[in-house]
Amino acid sequence: MSVIEIKALSVDYKLGQKQLLHALKSVNLAIGAGEALAIVGESGCGKSTLASSLVNLLALNSISSGTVLIDNKNILEMTNKELESVRGVKAGTIFQDPAASLNPVFSVKEQIEETIMAHLKIKDKSKLKEMAIKLLEETGIKEAQRVYESYPHQLSGGQQQRVMIAIALSCSPKILIADEPTTALDVTVQAQIIELLKRLKKERNLSLILITHDLHLALDLCKRVIVMYAGEIVEDTIMQNKEASAHPYTRALFEIIPDINENKREFAVIPGEVPDLKMVMNECYFKNRCHKVGEKCGKAHPEMVNGVRCFYPYTKERVKS
Amino acid sequence: MKQYILKRLLLIIPVLIGITIITFSIIHLTPGGFVRTNMEMNVKVSPDSMERLKVLYGLDKPLYEQYFKWVWRFIRFDFGESFIDNRPVLDKVLERLPATLLLNLVSLAVIFFLGIIIGVTSALKRNTFYDRFMTLFTFVGYSVPTFWLALILMMLFAVIWPILPVSGITSFNFDVMSLGEQVADVIWHLILPVFITAFGGLAYISRYVKSSMIESLTQQYTIAAYAKGLPENKIIYKNALKNSLLPVITLLGLSLPGLIGGSFIFETIFAWPGMGRLAYESAMTFDYPVIMGTVTMAAFLTLLGNLIADISYALVDPRIRYK
Amino acid sequence: MNKMIMTGAIAAVLLILSAIAAPLLTSYDYKTQDISIRLSSPDTKHIFGTDELGRDVFSRMLYGARISMTVGIIAVLISALIGILLGSVAGYFGGLIDNIIMRFVDIMLTIPTLFLILMLIVFLGPSIINVMIIIGLTSWTDIARLIRAEVMSVKKLAYVDAAKLIGLRKRTIIFKHIMPNILGPIFVYMTFGISGAILTESGLSFLGLGVQPPYPSWGNILTAGKDYIHTAWWMVFYPGLAIFIAVFSYNILGEGLRDYFNPRLKKENK
């Protein structure tokens, strides 16, 4: 039973006069209840657009087609009023930069409680406070009372992200969308937030959708990894390591992960650039950067077969369960 | 917070010193000091009051002594006596102060009230006909010479359609009115001057509010507020609005010098018994002590206004309040 | 955006041209009095009517335009010169020098400009030259602050560092490398400055503190008109309209230039 079902989702951005940027090209994806899924890719691959379309936070200059079904209702066709009963209620969202996502002129108290009031229609002040403090404690904040009364600028980055998580979970959604939740944080804090997400996922049986450019983080938190390239899903696999992946792009992503054990000075990068998203081409978009490029790659656009969009995939190693 | 206010208060000192230096230098601007200019230009000044002038500013003393004397007067608001009626300058200025304050504060309130409404609505309806119309409307107000608009409206209301008073702050029979009637009478007299001042001042504030509102609406915290599922009204009129209106408080202070400065042209046209008109009258009669008094008072009011605005901003913005 | 620049520029140029070509556009002298036709309403001979001394209002406005435009432009040049100098020095050197200059700006901002002008005029006496100088001396703070901010941001750019490495003198750096980058904002400010100066000059002249008769200025034609407000509307209406059109044109031009030099990306999110 899937909680979110995406069918043939395409999103274009209008760029000036009559120019379109094809950010998502006919994406199909079903996310099951309690599933943890990571969407990975380089910047500009469409992963953030995909995340935004889940609760329809797309920019005003976007045109979308296809469907995003949550509880069998199409998010993309909903009015703002209808969306209010999905956002925060069925799916909570946390963002990359917690400092920018929290409103600087409202206290933590106000920002948690306004969400609860909007959805659960609770007005009793002591009840609201009790719920807010409980949420803050659940996200591992030690001085919940102090944080509750604070303003965002008085908190550390880690605390801010915990508050964001508390807000996102305040109305007990079954889905949590985490858009690069640790990118803006210090390394030590990153680890804590990841642990927190793991714990919350388990305790609340959440469907977790993690958007990240960091394959390590993806594998740490999620079993299923969706790899995106040039607005398309190129691989959708249950994987734990490089050998379990089949697409040359996924393998390339594995190779650029800096290895702490090796004493390499340089930053590894995938050579070449992400293709121009303004064009639609009848070929493989990864062709020019690919190790395994063959004659088919320039002649036709590959389809998804067994979770891989490639004419010459690597053979996957079996996942040991 | 306390530190912020203390720092803000300390900043006043160099500004005050600066004001004394500028005003002092202007007294000595004309070659040979202003006493000579005085003789040439003003027949009303008798040799007797010339002597008094020399004593007043200690013009026969060394320069540094003159300056300290000036500062000493400045601190005590003692600007000497008027050349025209020998009354203390401070008394003359103070009795004109309420009318100026009344006109400027009411105008300021109207400007901010309408400016915020126009700014916010234009931000929400940006690039529509309404937005363009409001931009043009406020822009015309900004470009129109207020004294001309005042004359045109006086022409209209005094001659063609006499429903609004065009001069003074009260009617001729003010003394025999009841208190309620007196209040109504003053409000009645305020309508035209306030309308004209507000028309001229709207552009600045509405433009500021509009751009700051658009900025708030595109911030990450607004997107996050949508993601929380808050009602759109709450997002716009509570979350985004508070962010864009806080800095407007400091604009209150910044728009003061323009308003107060404009008041001498304005009060003269409308025969408004305020400080601006006093400054103009004393300029016309070369009543130097009174001119110095009004200029200093105007600077003092601006300083005070800025101070109040900055401190209130510190009080309402949590980023400064809890530092 | 370009429409604003075009409209404003055409209007501004037309105003300047008609001021220059005043003798060609009217056959009346601005000083010739003719009491027999005093206060006559606009007709085909005197299209804007005549004033209380029988002088042609249209001619007086054309010659007034010369004075108002000159005062506006010269005053702005003076203020721009002071502002650019102080602003770039403050922005480039920073530290104590910056602090002193900015405190001075604070002080200037505290004394309401018109009061300061009033005081200076009383001490120096009203005349065309004095009005230009005084407006210039009192209106440089905005441009100084602007230039300071621009210089500070340009200073951070890499090529200025590069110029320093080559060993260019500081003054060379300011004028050769920073100036071209801040010409845009300077143009914008000068355009707004001209409209501001015209407005101030007309206001002062209107009160008898600016351009003195017999020289005509839009402001002092209005002064005379004020006394005949009930009988000779044209003496009030036309000169004021001219001020409005001049100020409006320069403001539109400034607005257009500001957009042109500052193409902000319009990011609009839900």
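Chains as they are written, first to last, in the numbering used here: chain A, 823 to 1143; chain B, -9 to 313; chain C, 11 to 280.
Even for Gly, the Cβ is constructed at its ideal location relative to N, Cα and C.
The CB of aspartate 946 (chain A) never comes closer than 8 Å to any CB in chain B; the least such distance is about 19 Å. In this structure the stretch 146 to 162 of chain B does not lie against the stretch 268 to 280 of chain B, because fewer than three pairs of beta carbons, one per stretch, are closer than 8 Å. Going by C-alpha positions, serine 886 (chain A) is about 14 Å away from threonine 901 (chain A). DSSP, reduced to helix, strand and coil, places alanine 1122 (chain A) outside both helices and strands of the structure shown, so it counts as coil. DSSP places aspartate 152 (chain C) inside the alpha helix (DSSP H), whose first and last residues are 151 to 166. By alpha-carbon distance to valine 1011 (chain A), the top candidate from A:Ala1052, A:Lys847, A:Gly979 is A:Gly979. For the 9 Å CB-CB criterion, methionine 14 (chain C) and serine 98 (chain C) do not form a contact. Exclusion of the five residues before and after leucine 241 (chain B) leaves Ile195, Tyr198 as the residues of its chain whose Cβ lies within less than 7 Å of its Cβ. Counting along the chain, the unbroken beta strand (DSSP E) around glycine 914 (chain A) starts and ends at 913 to 916. Of all residues in the stretch 104 to 137 of chain C, only Arg113, Phe114, Asp116, Ile117, Met118, Leu119, Thr120, Ile121, Pro122, Thr123, Leu124, Phe125, Leu126, Ile127, Leu128, Met129, Leu130, Ile131, Val132, Phe133, Leu134, Gly135 place a beta-carbon less than 9 Å from a beta-carbon of chain B. The beta carbon of isoleucine 138 (chain C) sits closer than 7 Å to the beta carbons of Ile77, Val81, Val221, Tyr225 from its chain, once the five residues preceding and following it are set aside; these are given in chain order.
For phenylalanine 129 (chain B), the chain C residues whose Cβ falls inside 9 Å of its Cβ are Phe258, Asn261, Ile262, Glu265, in order along the chain. Cβ proximity to chain C below 8 Å picks out Phe276, Tyr278, Ile281, Met282, Thr284, Val285, Ala288 from the stretch 275 to 288 of chain B. Beta-bridge partners of serine 824 (chain A) (DSSP): A:Gly854.
Below the 8 Å Cβ cutoff, chain B contributes Gly219 as neighbours of histidine 941 (chain A), in chain order.
With a threshold of 9 Å between beta carbons, tyrosine 973 (chain A) makes contact with chain B.
Isoleucine 20 (chain C) and tyrosine 260 (chain C) have their C-alpha atoms some 10 Å from each other. With distances taken between CA atoms, leucine 1028 (chain A) lies nearest to A:Ala858 out of A:Ala990, A:Ala1006, A:Ala830, A:Ala858. Taking a contact to require three or more Cβ pairs closer than 8 Å, the stretch 960 to 979 of chain A and the stretch 873 to 890 of chain A do not qualify as touching. For alanine 31 (chain C), there is no enclosing alpha helix (DSSP H), as DSSP marks it with neither H nor E.
Counting only Cβ-Cβ distances below 8 Å, alanine 922 (chain A) has contacts in chain B at Gln209, Gln210, Tyr211, in chain order. In terms of Cβ geometry, serine 907 (chain A) and alanine 845 (chain A) do not form a close pair [threshold 9 Å].
Look at the beta carbons and you see the stretch 227 to 236 of chain B touching the stretch 201 to 211 of chain B: at least three pairs across the two are nearer than 8 Å.
Note on geometry: alpha-carbon atoms of phenylalanine 67 (chain B) and isoleucine 226 (chain B) lie some 48 Å from one another.
For threonine 13 (chain B), there is no enclosing beta strand (DSSP E); the enclosing alpha helix (DSSP H) covers residues -8 to 17. Residues of chain A with a Cβ closer than 7 Å to the Cβ of alanine 214 (chain B) are, in chain order, Phe917, Ser923. When only Cα atoms are considered, proline 974 (chain A) and aspartate 307 (chain B) end up about 12 Å apart. Under the three-state reduction of DSSP output, tyrosine 227 (chain B) falls in the helix class.
Counting the other Cβ atoms within 10 Å of the Cβ of glutamate 899 (chain A) gives fewer than 16, which makes it exposed. With contacts defined by Cβ atoms closer than 9 Å, serine 874 (chain A) and glycine 854 (chain A) do not form a contacting pair. Each residue's CA atom was taken as its position, placing alanine 188 (chain B) and serine 97 (chain B) some 6 Å apart. Within the stretch 223 to 243 of chain B, those residues whose Cβ lies closer than 9 Å to any Cβ of chain A are, in chain order, Lys224, Lys228, Asn229, Ala230, Lys232, Asn233, Leu236. Of all alpha-carbon atoms in A:Asn1110, A:Gly863, A:Asn850, A:Ser923, the one lying nearest the alpha-carbon of isoleucine 989 (chain A) is that of A:Ser923. Annotation for tyrosine 970 (chain A): Val930, Lys931, Ala954, Ile955, Leu958 place their beta carbon closer than 7 Å to its own, counting only its chain and skipping 5 residues before and after. For arginine 909 (chain A), the residues of chain B that pass the 8 Å Cβ criterion are Tyr216, Ala217, Lys218, Gly219, in the order they occur in the chain. Near chain A, meaning a CB-to-CB distance below 7 Å, the residues of the stretch 290 to 308 of chain B are Asp307, Pro308.
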